[in-house]
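> Please read through the structure below; I'll follow up with questions.
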Amino acid sequence: AQSVSQHNHHVILSEAASLELGCNYSYGGTVNLFWYVQYPGQHLQLLLKYFSGDPLVKGIKGFEAEFIKSKFSFNLRKPSVQWSDTAEYFCAVNPTNNAGNMLTFGGGTRLMVKP
Amino acid sequence: EAQVTQNPRYLITVTGKKLTVTCSQNMNHEYMSWYRQDPGLGLRQIYYSMNVEVTDKGDVPEGYKVSRKEKRNFPLILESPSPNQTSLYFCASSSGLGTGELFFGEGSRLTVL
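So the protein lines, in turn, are chains A and B.
Counting in this note's numbering, the final residue of the first sequence is number 145, and the numbers go up one at a time with none missing.
Counting in this note's numbering, the final residue of the second sequence is number 131, and the numbers go up one at a time with none missing.
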């Protein structure tokens, strides 16, 4: 079965620092990749997604992610974080040949940005 | 406004007392799913439904039931809740095109004493 690993469970940064959150998945076939964000007390929202094409994808609020197929990775980046980026971030994978369990999620990374 | 609506948002109950968490979506999505979120474990799928009257188990279905009698509704039923079902539950829907892009509800925080 596929799995998704997020290496950092908790990250604390100061405002304006750069952010990179790691995500690796284990699945040999073609996948769609996602980052979801959950702001405190809210539901999950889609941050960005990769289906095909340019492996560097840009999402909302200045976030981007790079798909590196050889490393089975889909790391999330932001050049300069803001206090409002404080949230929990989830990487998720959808094998393209499996519509049933549409998303397998990583364990999440809780980001705290200090003002 | 396109949305997924869950009720109740918060519930405290006792072991063995049957409860239902409702979920409704207004986007005419075929695919609906329930997840539970626990610290450090991310979201784990409980049940999903590809369409009306079609449901199937996810990764952690034990202790739960679902039904899909109408396209818009997908209730989660806990026949005899236990403390290990204390969790944050999310309902989600998708157009079912196989893209994996989900729209989530606000979440239902359940505590079983």
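Just so you know, even glycine gets a beta-carbon here, dropped at the ideal spot from N, CA and C.
Note that this is a predicted model, so its numbers are computed, not measured.
Are the C-beta of His73/A and some C-beta of chain B separated by less than 8 angstroms?
Along the first sequence, one-based indexing puts residue 73/A at 43. Yes, His73/A counts as interfacial toward chain B.
> How should Lys88/A be labelled, buried or exposed, when 16 other C-beta atoms within 10 angstroms of its C-beta is the threshold for buried?
For the purposes of this step, residue 88/A is identified with residue 58 of the first sequence, where counting begins at 1. The residue is exposed, with fewer than 16 neighbouring Cβ atoms inside 10 Å.
> Do we get a CB-CB distance below 8 angstroms when we pair Glu71/B with the residues of chain A?
Residue mapping note: residue 71/B aligns to position 53 of the second sequence, counting from 1. Judged by the 8 angstroms Cβ criterion, Glu71/B is not in contact with chain A.
> Does Met142/A get closer than 8 angstroms to chain B when you measure Cβ to Cβ?
Walking along the first sequence from the start, residue 142/A turns up at place 112. Answer no: the Cβ-Cβ gap between Met142/A and chain B never drops below 8 angstroms.
> Starting from His40/A, follow the beta strand (DSSP E) in both directions and report where the run begins and ends.
On the first sequence, residue 40/A is found 10 positions in, with the first residue counted as 1. Segment 40 to 44, the beta strand (DSSP E) holding His40/A.
> Per DSSP, what kind of secondary structure is Lys75/B in: helix, strand or coil?
Position 57 of the second sequence, counting from 1, holds the residue named residue 75/B. DSSP places Lys75/B in strand when its eight states are reduced to three.
> Relative to the alpha-carbon of Glu132/B, which residue among Met68/B, Leu59/B, Arg90/B, Arg54/B has its alpha-carbon at the smallest distance?
Coverage of chain B is limited to positions 19 through 131, which leaves residue 132/B absent and any answer about it impossible.
> Could you pull the start and end residues of the beta strand (DSSP E) that Asn69/B belongs to?
The residue you call residue 69/B lines up with position 51 of the second sequence. Taken as a continuous stretch (DSSP letters only), the beta strand (DSSP E) holding Asn69/B covers 60 to 69.
> Rounded to whole angstroms, what's the CA-CA distance from Gln36/A to Ala20/B? Just pull it up for me.
Walking along the first sequence from the start, residue 36/A turns up at place 6. Walking along the second sequence from the start, residue 20/B turns up at place 2. Answer to the nearest angstrom: the Cα atoms are 30 angstroms apart.
> Please determine, among Gly136/A, Asn105/A, Gln112/A, Thr134/A, the residue with the shortest C-alpha to C-alpha distance to Met142/A.
The count along the first sequence starts at 1 and reaches residue 142/A at position 112. Between Met142/A and the set Gly136/A, Asn105/A, Gln112/A, Thr134/A, the nearest pair of CA atoms involves Gln112/A.
> Kindly list, in the order they appear in chain B, the residues whose Cβ is closer than 7 angstroms to that of Phe135/A.
Walking along the first sequence from the start, residue 135/A turns up at place 105. Near Phe135/A (Cβ distances below 7 angstroms), the residues of chain B are Gly60, Leu61.
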